[in-house]
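I have placed the structure first, in the form of structure tokens, so that the comments after it can refer back to it.
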Amino acid sequence: ATMLASPLMAAEKVYRLKLAETWPTNFPVFGDAPKNMAALAEQMSNGRLKITIDSKNKHKAPFGVFDMVRSGQYDMGHSASYYWKGKVPNTLYFTTMPFGMTAPEQYAWFYHGGGQELMDEVYGKYNIMSFPGGNTGNQMGGWFQKEINSLDDLKGLKMRIPGFAGEVLAKLGAKPTNIPPGELYTALERRTIDALEWVGPSLDLRMGFHKIAPFYYTGWHEPATELQFMINKKKYDSLPADLQQILKTAMRTAAYDMYIQSYHLSSENWATMKQEFPNIQVKSFPPAVLAAMRTANDELLAEKAAADPLAKRILESQAEYMKKVRVWTEISDKAYLDNVSN
Amino acid sequence: MLLTRLEQVCNSFSELLGKVSALLFIVMLFNVFFDVVMRYLFNDVSIGMQELEWHLYASVFLLGVPYTLKTGGHVRVDLIYEGLTSKTKALIDMFGVLILLIPFCALVGWYSVGFAMEAYDLGETSGDPGGLPYRWIIKAVIPFAFFSIVISGLGMLLKSINILLGHGQADNYQPPQH
Amino acid sequence: MIGIVMFCVALLMLLVGFPVAFTFGGVALLFGLFAEGPELFAFMPFRIQSIMENTVLMAVPLFVFMGIVLQRTRLAEQLLEAMAKLFGGVRGGLAISTVLVGALLAASTGVVGASVVAMGLISLPVMLKYKYDKSLACGTICASGTLGQIIPPSIILIILGDVLGIPVGDLFKAAVGPGFILIGLYIVYILIYAWRKPEAAPALPMDDDVNSKTEQYVKAMKAIVPPLALILIVLGSIFAGIATPTESSALGGVGAILLAAVYGQFSWKMVFDSASETVKVTAMVFAILLGATAFSMAFTYTGGDYIVEELLSDLPGGTTGFLILSMLAIMVLGFFIDFVEISFIIVPILAPVADALGIAPVWFAILIAMNLQTSFLTPPFGFSLFYLKGVSPPEVRTVDIYRGVMPFIAMQVAVVISILLFPSFYGLN
Ligand code: NA
Ligand code: NA
Numbered sequence: 001a002t003m004l005a006s007p008l009m010a011a012e013k014v015y016r017l018k019l020a021e022t023w024p025t026n027f028p029v030f031g032d033a034p035k036n037m038a039a040l041a042e043q044m045s046n047g048r049l050k051i052t053i054d055s056k057n058k059h060k061a062p063f064g065v066f067d068m069v070r071s072g073q074y075d076m077g078h079s080a081s082y083y084w085k086g087k088v089p090n091t092l093y094f095t096t097m098p099f100g101m102t103a104p105e106q107y108a109w110f111y112h113g114g115g116q117e118l119m120d121e122v123y124g125k126y127n128i129m130s131f132p133g134g135n136t137g138n139q140m141g142g143w144f145q146k147e148i149n150s151l152d153d154l155k156g157l158k159m160r161i162p163g164f165a166g167e168v169l170a171k172l173g174a175k176p177t178n179i180p181p182g183e184l185y186t187a188l189e190r191r192t193i194d195a196l197e198w199v200g201p202s203l204d205l206r207m208g209f210h211k212i213a214p215f216y217y218t219g220w221h222e223p224a225t226e227l228q229f230m231i232n233k234k235k236y237d238s239l240p241a242d243l244q245q246i247l248k249t250a251m252r253t254a255a256y257d258m259y260i261q262s263y264h265l266s267s268e269n270w271a272t273m274k275q276e277f278p279n280i281q282v283k284s285f286p287p288a289v290l291a292a293m294r295t296a297n298d299e300l301l302a303e304k305a306a307a308d309p310l311a312k313r314i315l316e317s318q319a320e321y322m323k324k325v326r327v328w329t330e331i332s333d334k335a336y337l338d339n340v341s342n
Numbered sequence: 343m344l345l346t347r348l349e350q351v352c353n354s355f356s357e358l359l360g361k362v363s364a365l366l367f368i369v370m371l372f373n374v375f376f377d378v379v380m381r382y383l384f385n386d387v388s389i390g391m392q393e394l395e396w397h398l399y400a401s402v403f404l405l406g407v408p409y410t411l412k413t414g415g416h417v418r419v420d421l422i423y424e425g426l427t428s429k430t431k432a433l434i435d436m437f438g439v440l441i442l443l444i445p446f447c448a449l450v451g452w453y454s455v456g457f458a459m460e461a462y463d464l465g466e467t468s469g470d471p472g473g474l475p476y477r478w479i480i481k482a483v484i485p486f487a488f489f490s491i492v493i494s495g496l497g498m499l500l501k502s503i504n505i506l507l508g509h510g511q512a513d514n515y516q517p518p519q520h
Numbered sequence: 521m522i523g524i525v526m527f528c529v530a531l532l533m534l535l536v537g538f539p540v541a542f543t544f545g546g547v548a549l550l551f552g553l554f555a556e557g558p559e560l561f562a563f564m565p566f567r568i569q570s571i572m573e574n575t576v577l578m579a580v581p582l583f584v585f586m587g588i589v590l591q592r593t594r595l596a597e598q599l600l601e602a603m604a605k606l607f608g609g610v611r612g613g614l615a616i617s618t619v620l621v622g623a624l625l626a627a628s629t630g631v632v633g634a635s636v637v638a639m640g641l642i643s644l645p646v647m648l649k650y651k652y653d654k655s656l657a658c659g660t661i662c663a664s665g666t667l668g669q670i671i672p673p674s675i676i677l678i679i680l681g682d683v684l685g686i687p688v689g690d691l692f693k694a695a696v697g698p699g700f701i702l703i704g705l706y707i708v709y710i711l712i713y714a715w716r717k718p719e720a721a722p723a724l725p726m727d728d729d730v731n732s733k734t735e736q737y738v739k740a741m742k743a744i745v746p747p748l749a750l751i752l753i754v755l756g757s758i759f760a761g762i763a764t765p766t767e768s769s770a771l772g773g774v775g776a777i778l779l780a781a782v783y784g785q786f787s788w789k790m791v792f793d794s795a796s797e798t799v800k801v802t803a804m805v806f807a808i809l810l811g812a813t814a815f816s817m818a819f820t821y822t823g824g825d826y827i828v829e830e831l832l833s834d835l836p837g838g839t840t841g842f843l844i845l846s847m848l849a850i851m852v853l854g855f856f857i858d859f860v861e862i863s864f865i866i867v868p869i870l871a872p873v874a875d876a877l878g879i880a881p882v883w884f885a886i887l888i889a890m891n892l893q894t895s896f897l898t899p900p901f902g903f904s905l906f907y908l909k910g911v912s913p914p915e916v917r918t919v920d921i922y923r924g925v926m927p928f929i930a931m932q933v934a935v936v937i938s939i940l941l942f943p944s945f946y947g948l949n
């Protein structure tokens, strides 16, 4: 009898996990991903896995999620890998890269092209497991007060563009500028800055930038921004194997779900913006400007590869995978869009 | 008198922090001004200089707290306090420091040490182009400030003990003058 | 449940009179240890860091500094006297000048402590000298000192913009109307008061050394123009895109130093002393923030957030009912808690509900800001009352101040109600 009873008792044990998200309470799209994940995990485990979510409003540490998951103050996190670039430089490569892969290409790399293994290697040292956490899809190049017609127009361009993409632009003479999010609107409206990048229509709409800037540039720097789920490794190992699998499945499903939701909301919100302000001009950077950005990007990446063997391996893995997968994209989706747009 | 001497030591430490803090404030004022002028007139922006603004601002208020404690500038609800004798006030301060101030600040200071060490171990830097390196320095200001508040609190404790022993004089409580 | 007990204990402990900041911190520690253990406080460094990195709050020390320099150089005082002479023939003119200067300071400093104390130092002795009613004088000073919270640039609006995710510029624009209505109401009230009780607010005599009205005006303008120019620089720099609202406060600080230099009052000692005073006031404000963040941490991590959330999200009565009850809740909480904590704890709970009910966020924010402004005046914990008491001569008693602010609180409540009922009049929906 005891042989039968104990697995049943074990099966009924409830595992409670606490998740810290970088986003404020009820933040659209980004905040929906951990909510979906928690609901899925609870349903699939028949209530044995209960995940509570604390937003930025509660823990007040949007950019402390890495540390808090590492130390075990929280069991899980939902954030974006590139936020940890200042702490662990190689985390930069698991969100999105300028001139890098599109969302389907990057997902293929994560799940079938060695991306997840490399991410495990980077995060493993810090007692953290990281998984894809939902994609925004292609992000827009940003809202501009002035048109960019040549490389000269980039010189002295005051733009809110944080992180690595800012480094690329800085190399071309632009001036990346820090402005607190609450003052971005005033800063762009009063032309304290010339341009800013945020996300895309899905989240740009509520910021109201379309009311004050005439040019909406198409993307180059964040072709497929992937958020991340993080789990404290020790905590993960303490879960029964079936719950581990359920958790992974819930994260993967929620990530995919966010990508779709973001796609949907972007199209909806773009229609709204365009309706409210029909004069918004969608622009693309001229080929010469893009070529210079690409050169600057390649040079910066070469520096990073030369400085760190692991960075070199990650960048090579991405470059090789993209080379292969892009050929397919070219003759499938790209060719299809070209075919039907004529 | 040993206790009054000790009180003076704590007080001069807090005074020193106040002077440092005031200097840092002046630097911060001109730092922000400089950044505005450079951006508007010369189209030049330095993320490092922009980050220096909040490094200074944070240091100003963190180091200012122990100084303000020493000068009696922290707001009290003085509806009842106002009418008490100086001995009763000293008792309140004594127990307040022992039960509320020191345990709280010491614990926060303790956990902040680990917090700053973490940044040191990771070699944490700014994630933005041209940002400041050595994040551990500004993070280390947190434990430093909280342990300084403990020291300043000890000064307050000694002062109230001295008043209770009849060796010291109570200041009249003055809310901030501006 | 722990949250509620913690709240009551904190209120009682505050009455004992130990500094507010450390009372909050200590109570947080006692309850946090009891309910969660010491590890809870491992979250504190992160919370402190988020205050350190919140560059919008940089405006606090910078605005305080400008206010202090203007006061030390007596430029603000000269401004007030000059204006009082212009209003000289009218009864209550000195109080009206106080309101107007308060409004001007409000447009520049944005920090209640700075303007209330400056107005208290400058204006209270003059009003008492001319036999103004003590309550009228105190009420006028407290009320016009708190105008800084609604007239842009304003700390409450900056914080609310941050918490609610609304562009600060939108809030600043929206606050101008209600701000002017308040100023107007104050002036009308003073005129009526002076008309009904002439002995309470006598007129100011003209200068003896001035022969003509023109000469009087010229003299007054000389005192009025310089501080006015400084205010225009600060506000203008935001609108011209030279500086962000936060940065504009640094222009104000440097501008005040330059102004002092123009009037031959510059010295590094003056700058350093002003900086020391600034540090004191700034540290006092931020110590409360630090204590309050510990308190709210202990409060939320022991389940307090769920209690308040349940209480506030189950507010009955649809849009109107929710608005009225949430405003009442904020007003009641405002009697006890600091506005910054209300902004950070209560508002994030109310915001999603307001959003779900389709309440325009800017309208909601302005209502909250007006409401919080009132909380500065409400006895027993309104900060303005403390500040003024600190700089008053002994013959002004706490009761005089309490009695004096009552009519002004009533006017503010009336304006809140009018915004609630007629948002379109203020262009808020
Ligand atoms: Na972006
Ligand atoms: Na203001």
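Protein chains in written order, with the numbering used here: chain A, 1 to 342; chain B, 343 to 520; chain C, 521 to 949.
Virtual Cβ for every residue (Gly too), placed ideally from N, Cα, C.
Given the structure is predicted, the values throughout are model-derived calculations rather than measurements.
Is M498/B near V439/B, with beta carbons less than 8 angstroms apart? The residue you call residue 498/B lines up with position 156 of the second sequence. The residue you call residue 439/B lines up with position 97 of the second sequence. Yes, Cβ-Cβ distance for M498/B and V439/B is below 8 angstroms.
Which residues does DSSP list as the beta-bridge partners of R160/A? By one-based count along the first sequence, residue 160/A stands at place 160. In the DSSP output, where bridge partners are listed per residue, R160/A has L196/A.
Beta-carbon proximity of A623/C to L644/C, cut-off 8 angstroms: The sequence position of residue 623/C within the third sequence is 103, counting from 1. The sequence position of residue 644/C within the third sequence is 124, counting from 1. Going by C-beta atoms, A623/C is not nearer than 8 angstroms to L644/C.
Helix, strand or coil for N297/A per DSSP? As a first step, residue 297/A must be located in the first sequence, where it is residue number 297. If DSSP states are grouped into helix, strand and coil, N297/A belongs with the helices.
For A803/C, count neighbouring C-beta atoms within 10 Å of its own C-beta (all shown protein chains included) and say buried if the count is 16 or more, exposed if not. Against the third sequence, residue 803/C aligns to sequence position 283. Buried, since its Cβ has 16 or more Cβ neighbours within 10 Å.
Give the list of continuous alpha helix (DSSP H) stretches no shorter than 4 residues that lie fully inside the region 257–281 of chain A. none
For L449/B, go through chain C and note every residue whose CB falls closer than 7 angstroms to its CB, in chain order. Here residue 449/B corresponds to residue number 107 of the second sequence, with the count starting at 1. Those are L549, P558 and F561, listed as they occur along chain C.
Status (buried if at least 16 other CB within 10 Å, exposed otherwise) for R611/C: Here residue 611/C corresponds to residue number 91 of the third sequence, with the count starting at 1. Classification for R611/C: buried.
Could you tell me the alpha carbon to alpha carbon distance between A530/C and F544/C, rounded to whole angstroms? Sequence index remark: in the third sequence, residue 530/C carries index 10 (1-based). Sequence index remark: in the third sequence, residue 544/C carries index 24 (1-based). A530/C and F544/C: Cα-Cα distance of roughly 7 angstroms.
Distance cutoff 8 angstroms, beta carbons only. Does E183/A sit that close to anything in chain C? The residue labelled residue 183/A in the question sits at position 183 within the first sequence. Yes, its Cβ sits closer than 8 angstroms to a Cβ of chain C.
Cross-strand partners of L227/A (DSSP beta bridge): The count along the first sequence starts at 1 and reaches residue 227/A at position 227. DSSP lists A80/A as partners of L227/A.
Among I937/C, A930/C and S863/C, whose alpha-carbon lies nearest the alpha-carbon of L684/C? The residue you call residue 684/C lines up with position 164 of the third sequence. Nearest C-alpha to L684/C: S863/C.
Taking 8 angstroms as the threshold (beta carbon to beta carbon), is V580/C in contact with chain A? Stepping through the third sequence from its first residue, residue 580/C is reached at position 60. So no, V580/C is outside the interface.
For chain B, check one thing: does any of its Cβ atoms lie closer than 8 angstroms to the Cβ of M814/C? Taking the third sequence and counting its residues from 1, one reaches residue 814/C at position 294. Residue identity differs from the one stated: residue 814/C is Ala in this sequence, not Met. It does; some Cβ of chain B falls within 8 angstroms.
Please return the same chain residues whose Cβ sits closer than 6 angstroms to the Cβ of V455/B, not counting the five positions on each side in sequence. By 1-based counting over the second sequence, the position of residue 455/B is 113. The answer, listed in chain order, is P485.
Where L19/A and P558/C are concerned, what is the direct C-alpha to C-alpha distance, given to the nearest angstrom? For the purposes of this step, residue 19/A is taken as the residue at position 19 of the first sequence. For the purposes of this step, residue 558/C is taken as the residue at position 38 of the third sequence. One C-alpha to the other measures close to 20 angstroms.
Taking 7 angstroms as the cut-off, does the CB of S71/A come closer than this to any heavy atom belonging to ligand 3? Although ligand 3 was asked about, the structure shown includes only ligand 1 and ligand 2 as ligands.
Compute the distance between the beta-carbons of T766/C and M578/C, then report whether it is under 8 angstroms. Taking the first residue of the third sequence as 1, we reach residue 766/C at position 246. Taking the first residue of the third sequence as 1, we reach residue 578/C at position 58. Taking 8 angstroms as the Cβ cut-off, T766/C and M578/C qualify as a contacting pair.
Residues that DSSP places opposite L19/A in a beta bridge: The residue you call residue 19/A lines up with position 19 of the first sequence. For L19/A, which the question treats as bridged, DSSP gives the partners I53/A and M76/A.
Beta-carbon gap between L614/C and A604/C smaller than 8 angstroms: Here residue 614/C refers to the residue found at position 94 when the third sequence is read from its first residue. Here residue 604/C refers to the residue found at position 84 when the third sequence is read from its first residue. Yes.
Checking 8 angstroms against the spacing of the C-beta atoms, do P201/A and W143/A come in under that value? For the purposes of this step, residue 201/A is taken as the residue at position 201 of the first sequence. For the purposes of this step, residue 143/A is taken as the residue at position 143 of the first sequence. Contact: no.
Through-space distance from V199/A to V29/A, alpha-carbon basis: The sequence position of residue 29/A within the first sequence is 29, counting from 1. The sequence position of residue 199/A within the first sequence is 199, counting from 1. The straight-line gap from Cα to Cα measures roughly 11 angstroms.
Where does K717/C fall in DSSP's three states? Position 197 of the third sequence, counted from the first residue, corresponds to residue 717/C. If DSSP states are grouped into helix, strand and coil, K717/C belongs with coil.
Is the distance from the Cβ of Q281/A to the Cβ of F209/A below 8 angstroms? Sequence index remark: in the first sequence, residue 281/A carries index 281 (1-based). Sequence index remark: in the first sequence, residue 209/A carries index 209 (1-based). No, they are not a contact pair.
Under 8 angstroms by beta carbon: chain C residues contacting I128/A: Position 128 of the first sequence, counting from 1, holds the residue named residue 128/A. Going along chain C, no residue has its Cβ under 8 angstroms from I128/A, so there is no contact; the nearest lies around 17 angstroms.
Mark I568/C as exposed unless 16 or more other C-beta atoms lie within 10 angstroms of its C-beta, in which case mark it buried. Working through the third sequence from its first residue, we reach residue 568/C at position 48. With 16 or more Cβ atoms within 10 Å of its Cβ, I568/C is classed as buried.
Between the CA atoms of L908/C and A487/B - distance to the nearest angstrom: The count along the second sequence starts at 1 and reaches residue 487/B at position 145. The count along the third sequence starts at 1 and reaches residue 908/C at position 388. Straight-line Cα distance between these residues: approximately 30 angstroms.
Among D242/A, A306/A and Q261/A, nearest to S45/A - alpha-carbon criterion: Numbered from 1 along the first sequence, position 45 holds the residue referred to as residue 45/A. The option with the nearest alpha carbon to S45/A is D242/A.
Ends of the alpha helix (DSSP H) at I879/C? In the third sequence, residue 879/C corresponds to position 359, counting from 1. I879/C -> no alpha helix (DSSP H), and no H or E assigned at all.
Thinking C-beta only, is D435/B closer than 8 angstroms to F945/C? Counting from one through the third sequence, the residue named residue 945/C turns up at place 425. Counting from one through the second sequence, the residue named residue 435/B turns up at place 93. No, these two residues do not count as a Cβ contact at 8 angstroms.
So is G404/B in contact with chain A if we call contact Cβ pairs under 8 angstroms? Residue 404/B sits at position 62 when you count from the first residue of the second sequence. Looking at the sequence itself, residue 404/B is Leu, so the reference to Gly does not match. Judged by the 8 angstroms Cβ criterion, L404/B is not in contact with chain A.
Taking the alpha helix (DSSP H) that I444/B belongs to, which residues open and close that run? By 1-based counting over the second sequence, the position of residue 444/B is 102. I444/B -> alpha helix (DSSP H) spans I444 to L464.
Determine, for L4/A, whether the minimum Cβ-Cβ distance to residues of chain B falls below 8 angstroms. Counting from 1 along the first sequence, the entry for residue 4/A is found at position 4. In this prediction, L4/A has a pLDDT of 48, which is less than 50 and means its spatial position is unreliable; what the coordinates show is noted afterwards. It does not: the Cβ of L4/A has no partner Cβ on chain B nearer than 8 angstroms.
Whose Cβ in chain B lies nearer than 9 angstroms to the Cβ of Y83/A? Mapped onto the first sequence, residue 83/A falls at position 83. Correct list: G469.
Looking at chain A, is there any beta carbon in it that lies within less than 8 angstroms of the beta carbon of N373/B? Along the second sequence, one-based indexing puts residue 373/B at 31. By this cut-off, N373/B is not an interface position.
Along the region 745–771 of chain C, what residues have a CB closer than 8 angstroms to any CB found in chain A? I758, F759, A760, G761, I762, A763, T764, P765 and T766
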